[in-house]
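Peer 1: Just so you know, we're using our numbering here: the sequence shown kicks off at 10 and counts up by one.
First the structure, then my questions, so here it is.
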Amino acid sequence: MKPSFHWFLPMYRDNRSYGGDPGAREATPKYLRDVARAAEANGFESMLLATGHDTKDTWLTAAAVAQHTETIRFIVAFRAGYTLPTLTAQMIETFQYLFADRLDINIVTGSDVEEQTAYGDEIAKADRYRRTREFLEILDAELAGRRYDFAGDYYRVSGGGRPAPISRRPTIFFGGLSEESADVGAAHADVQLMYGETPPMAAEHVERISKLAAAHGRSVEFGIRIQVISRDRSEDAWAETDRILARLTPQQVARRQRELAERQSIGQQRVQSLNPGVIDPDRLRPYPTIWSGLGLVGGGGGSTALVGSHAEVAERIQEYTEVGIRHFIVSGAPLLEEAYRFGEGVIPLL
Numbered sequence: 010m011k012p013s014f015h016w017f018l019p020m021y022r023d024n025r026s027y028g029g030d031p032g033a034r035e036a037t038p039k040y041l042r043d044v045a046r047a048a049e050a051n052g053f054e055s056m057l058l059a060t061g062h063d064t065k066d067t068w069l070t071a072a073a074v075a076q077h078t079e080t081i082r083f084i085v086a087f088r089a090g091y092t093l094p095t096l097t098a099q100m101i102e103t104f105q106y107l108f109a110d111r112l113d114i115n116i117v118t119g120s121d122v123e124e125q126t127a128y129g130d131e132i133a134k135a136d137r138y139r140r141t142r143e144f145l146e147i148l149d150a151e152l153a154g155r156r157y158d159f160a161g162d163y164y165r166v167s168g169g170g171r172p173a174p175i176s177r178r179p180t181i182f183f184g185g186l187s188e189e190s191a192d193v194g195a196a197h198a199d200v201q202l203m204y205g206e207t208p209p210m211a212a213e214h215v216e217r218i219s220k221l222a223a224a225h226g227r228s229v230e231f232g233i234r235i236q237v238i239s240r241d242r243s244e245d246a247w248a249e250t251d252r253i254l255a256r257l258t259p260q261q262v263a264r265r266q267r268e269l270a271e272r273q274s275i276g277q278q279r280v281q282s283l284n285p286g287v288i289d290p291d292r293l294r295p296y297p298t299i300w301s302g303l304g305l306v307g308g309g310g311g312s313t314a315l316v317g318s319h320a321e322v323a324e325r326i327q328e329y330t331e332v333g334i335r336h337f338i339v340s341g342a343p344l345l346e347e348a349y350r351f352g353e354g355v356i357p358l359l
C-alpha cells in the first residue's frame, strides 16, 4: 500500500519548536501561504485545517490560501451541526468550482465539553453523533445532485438536492472510536482517522471498523494523526525530546494530565494511555520510534510523535501501512521548516 501524506496548516500560531516556545510565529496570511507552498513543493497531497473555538475559520482560510497554490488539496475540518448540511453542500460545490476540485472535509463531532458549550452546543455526546449521522445522510444526497425529502430528529428538508452532481465529491475524513462514532464512520466516511497509536493498537482499530463497514456494504480507508521529529541522525532527533522534557516541571505535567482526563474522546484516551504522566524518558517510548512525551506538554490527540532518523521514521510508517493505514496526517514544529525536513528526508524513502 502506497502511503498518502498530509501536512498541517497553522490556524492561530506556529511554535518554533515543541514545548511552548515563547517566540511563536503568528499565522499571518503570508506565513500561511509559505507553509502551504512548502507542503506543495515537498510532495504532500493535502493539508488539514483543524477547527477550534479559538482559531480562525477553516473555510475562509482554505479559500484564501488556495488562491496561492496549484495542486495541493485542503482538508477543511468543521463541526457537523453548526452549519446546515444543505448550505455545506453549496459551499463544497463553490470551493470545487473555484479551486479546481481541491477540497476534502473532516467532519468533527466534538469531545471537549468546554469548547462545545463555548459554541453554544449543549446536547449530549450520543445525541451529537445522531445529529452527525443525519448531517452526512443529507450531505450525501445533496452532493449526488438528486432530489430528495428528509425528515429526521434534527433536520427536515423538502425538495433538497444540488442542481447537478458535484464535480468531485470530497473525501470525507472522520474520527472516533466510541460505539456511536465508529458506526457513523463505517456507514458514511471515506477515511476513518485515529490518533497516534502504536501499529498493534492501530491494527485492532482497522479490523474493528472494517467489519462495521462491511456490515453496511462498504469499505473504508484508514488514516493516522501523528507528529514527527525526523532528523538525519537518530541521536539528533532524540536530543530534541530531551530538550523538551528538560523544560517541564512536575506541576505542569500534573495540570496537563488533568486537562486531558476531561476529554470525552475514546481515541484521545487510548493514545493518552501511552503517556505515563511522568518525566521519564524510558517510559515515554512505548514502541520503537514512537515517543509519547508530547502528551506532557500539550497536543491533545496529537500527543505522540515519530522520532528518529529519516530511515527509522520511514520504517515505522511502512509498518503502519502493513496493518492497513494509508493516510498519514503529520506535522512538526515549526511547520514551515519541518515540511522540508520530512518532505526531503522521509517521503522519498517511501
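Here a beta-carbon is modelled for each residue, glycine too, at the ideal position from N, C-alpha and C.
Would you kindly report the start and end of the unbroken beta strand (DSSP E) that includes ALA314?
Peer 2: Here the question's residue 314 lines up with position 305 in the sequence shown. Where ALA314 is concerned, the enclosing beta strand (DSSP E) stretches over 314-318.
Peer 1: Could you check the C-alpha separation between PHE108 and TYR204 for me, to the nearest Å?
Peer 2: The residue given as residue 108 occupies position 99 in the sequence shown. The residue given as residue 204 occupies position 195 in the sequence shown. Approximately 29 Å, taken between the alpha carbons.
Peer 1: Just to confirm, are THR78 and ALA47 a CB contact at a threshold of 7 Å?
Peer 2: Working through the sequence shown from its first residue, we reach residue 78 at position 69. Working through the sequence shown from its first residue, we reach residue 47 at position 38. No.
Peer 1: Determine the direct distance from the alpha carbon of ARG139 to that of ASP192, and round the result to whole angstroms.
Peer 2: Translated into the one-based positions of the sequence shown, residue 192 becomes position 183. Translated into the one-based positions of the sequence shown, residue 139 becomes position 130. About 10 Å.
Peer 1: Please list the segments of the alpha helix (DSSP H) lying wholly inside the region 188-235, counting only runs of 4 or more residues, in order along the chain.
Peer 2: DSSP runs (the alpha helix (DSSP H)) wholly in the region 188-235: 188-197 and 208-224.
Peer 1: Please work out which residues of its chain come closer than 6 Å, Cβ to Cβ, to ASP199, disregarding the five sequence neighbours upstream and downstream, and give them in chain order.
Peer 2: Here residue 199 corresponds to residue number 190 of the sequence shown, with the count starting at 1. So the qualifying residues of the chain are THR180 and ILE181.
Peer 1: Sort LEU305, GLN76 and ALA150 by Cα distance to LEU257 and report the nearest one.
Peer 2: One-based indexing of the sequence shown puts residue 257 at position 248. The option with the nearest alpha carbon to LEU257 is LEU305.
Peer 1: Figure out for me which residue from VAL166, PRO174, PRO295 and MET210 has the closest Cα to the Cα of LEU186.
Peer 2: Against the sequence shown, residue 186 aligns to sequence position 177. Among VAL166, PRO174, PRO295 and MET210, the Cα nearest to that of LEU186 is on MET210.
Peer 1: Along the chain, where does the alpha helix (DSSP H) containing TYR349 start, and where does it finish?
Peer 2: The count along the sequence shown starts at 1 and reaches residue 349 at position 340. 344-354 is the extent of the alpha helix (DSSP H) around TYR349.
Peer 1: Can the beta-carbon of ALA33 be found closer than 7 Å to that of ARG22?
Peer 2: Taking the first residue of the sequence shown as 1, we reach residue 33 at position 24. Taking the first residue of the sequence shown as 1, we reach residue 22 at position 13. In this structure, ARG22 lies closer than 7 Å to ALA33 by Cβ.
Peer 1: Taking the straight line between their C-alpha atoms, what separation do you get for ARG217 and PHE183?
Peer 2: Sequence index remark: in the sequence shown, residue 217 carries index 208 (1-based). Sequence index remark: in the sequence shown, residue 183 carries index 174 (1-based). Roughly 15 Å separates the two Cα atoms.
Peer 1: May I ask you to list the residues that DSSP assigns as paired with GLY184?
Peer 2: On the sequence shown, residue 184 is found 175 positions in, with the first residue counted as 1. Its beta-bridge partners are LEU202.
Peer 1: For ILE81 and ALA263, what's the separation of their Cα atoms in angstroms?
Peer 2: Within the sequence shown, residue 81 is the residue found at index 72, counting from 1. Within the sequence shown, residue 263 is the residue found at index 254, counting from 1. Cα to Cα, the separation comes out at about 40 Å.
Peer 1: Give every residue of the same chain whose Cβ lies closer than 8 Å to the Cβ of GLU49, excluding the five residues on either side of it in the sequence, and list them in chain order.
Peer 2: Residue numbering aside, residue 49 sits at position 40 when the sequence shown is read from its first letter. Once the five neighbours on either side are set aside, the close Cβ partners of GLU49 are THR78, GLU79, THR80 and ILE81.
Peer 1: Give the single residue among LYS65, PRO12, GLU54 and TYR27 whose Cα lies nearest to the Cα of PRO19.
Peer 2: Translated into positions along the sequence shown, residue 19 becomes position 10. Minimum Cα distance to PRO19 is reached at LYS65.
Peer 1: Use the C-beta contact count for ASP241: other C-beta atoms within 10 angstroms, 16 or more gives buried, fewer gives exposed.
Peer 2: Residue numbering aside, residue 241 sits at position 232 when the sequence shown is read from its first letter. When all chains shown are included, ASP241 counts as exposed.
Peer 1: With H, G and I counted as helix, E and B as strand and the rest as coil, what does DSSP make of LEU359?
Peer 2: For the purposes of this step, residue 359 is identified with residue 350 of the sequence shown, where counting begins at 1. Residue state, collapsed to three classes: coil.
Peer 1: In the structure shown, what three-state DSSP assignment does ARG155 receive?
Peer 2: Position 146 of the sequence shown holds residue 155. If DSSP states are grouped into helix, strand and coil, ARG155 belongs with coil.
Peer 1: Run through DSSP, which three-state label would GLU102 get?
Peer 2: Here residue 102 is taken as the residue at index 93 of the sequence shown, counted from 1. Here GLU102 sits in helix by DSSP.
Peer 1: What is the residue span of the beta strand (DSSP E) that ASP113 lies within?
Peer 2: Stepping through the sequence shown from its first residue, residue 113 is reached at position 104. 112-117 is the span of the beta strand (DSSP E), which, as asked, contains ASP113.
Peer 1: Buried or exposed for THR207, going by 16 or more other Cβ atoms inside 10 Å?
Peer 2: Numbered from 1 along the sequence shown, position 198 holds the residue referred to as residue 207. Result: buried.
Peer 1: State the Cα-Cα distance for the pair SER318 and THR118, rounded to the nearest angstrom.
Peer 2: As a position in the sequence shown, residue 318 is number 309, starting the count at 1. As a position in the sequence shown, residue 118 is number 109, starting the count at 1. Rounded to the nearest angstrom, the two C-alpha atoms are 36 Å apart.
Peer 1: Which residues in the same chain have their Cβ closer than 7 Å to the Cβ of GLY302, if we skip the five residues on either side of it in sequence?
Peer 2: Walking along the sequence shown from the start, residue 302 turns up at place 293. Contacts found: THR250, ILE253, LEU254 and LEU293.
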